[in-house]
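In the UniProt record's numbering, the protein residues as written are 1 to 218. The beta carbon of each residue, even a glycine, is placed where N, CA and C say it ideally should be. Since the structure comes first, as structure tokens, the remarks are kept for the end.
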Amino acid sequence: MTTELIISVGALSLLDMLSPAIIGVTIYLLLSPGGKVFTRLLAYIATVAVLYFAVGALLMMGLGTVMESAADLFQSRAVGIALTIIGAALFIGSFFINTKKKYSPPRPKSKNVASMVALGVTTFAIEVATALPYFAAIGLMGTAELTPVEWVPLLASYNVIMVLPAIILYLLHLILGRLMRHPLEKLGTKLANSAGSTLSWVMSIAGIILVLNNIDKF
């Protein structure tokens, strides 16, 4: 596992920190009246992180099997070329995103733990198909032919970083109390108004990282 790979996967995980659903649900919980915010928030982010890790692990095991069984056919060059093309498509596609479209994060039907787990499943189902940085990171790890001892902690770290904004916002709310209410409200408004722009930037940066890491395969 090279330093370049770790940096690239780390950069992609930082992009996934901008998930509007996770941040939006966190803000909603912190601004809502009632106790047990920690329990509900933990249930939510743990559900999202575990589901993402499970999908990532399945993809890594699947990629490993394919790469191993078809090594003579692919020799990882074809995969590298495909990732370069995908990266270029993401970068170009980022210019066509509607940056003015507003976003409304999902809301739980109630505030018990079961509802938060269900909301975590819903968030995963909505966002997993468009989790571009995550799939880009898995592609990079797959072509690097990492062993499970290498990719498991790297993938787990990625998922922890992905939900880190929720943890940071909770800690700030815990320390500052009511002083965080106005900043959270402003952040929620900004999130709703800039989700399209954020997606555009995420697509373009993820595309650039994919291209830079695989252009030498041509």
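- Separation of histidine 182 and proline 20 (C-alpha to C-alpha, rounded to the nearest whole angstrom) is 18 Å.
- Annotation for asparagine 159: the continuous alpha helix (DSSP H) segment containing it runs 148-162.
- Per DSSP, the continuous alpha helix (DSSP H) segment holding serine 13 begins and ends at 3-16.
- Burial is judged here by how many other beta carbons sit within 10 angstroms of a residue's own beta carbon; methionine 61 has fewer than 16 and is exposed.
- Residue Leu132 holds the alpha-carbon nearest to the alpha-carbon of alanine 88 among Tyr158, Thr147, Leu132 and Ile6.
- Of the candidates Leu155, Tyr170 and Ile167, the residue whose Cα lies closest to the Cα of leucine 58 is Leu155.
- Per DSSP, serine 19 lies in no alpha helix (DSSP H) and is assigned neither H nor E.
- Annotation: methionine 180 is outside any alpha helix (DSSP H) and is labelled neither H nor E by DSSP.
- Going by beta carbons, threonine 123 and valine 25 fall inside the 8 Å limit.
- Under the 10 Å beta carbon count, isoleucine 138 is surrounded by 16 or more other beta carbons and is classified as buried.
- Taken through DSSP and simplified to helix, strand or coil, lysine 36 comes out as coil.
- Nearest C-alpha to alanine 166 among Trp151, Ala114, Tyr44 and Thr2: Tyr44.
- Leucine 12 is positioned such that its CB atom lies no closer than 8 Å to that of leucine 29.
- Excluding five sequence positions before and after valine 163, the CB atoms of its chain that fall closer than 7 Å to its own CB belong to Ile22, Ile45, Val48 and Ala49, given in chain order.
- Taking the Cα positions, leucine 15 is about 10 Å away from isoleucine 161.
- In this structure, the beta-carbon distance from glycine 56 to tyrosine 134 falls below 8 Å.
- Sequence-distant partners of valine 37 (beyond 5 residues in either direction) whose C-beta falls short of 6 Å from its own C-beta, in its chain, are Leu29.
- Using a 10 angstroms sphere on the CB of alanine 54, the tally of other CB atoms stays under 16, which defines it as exposed.
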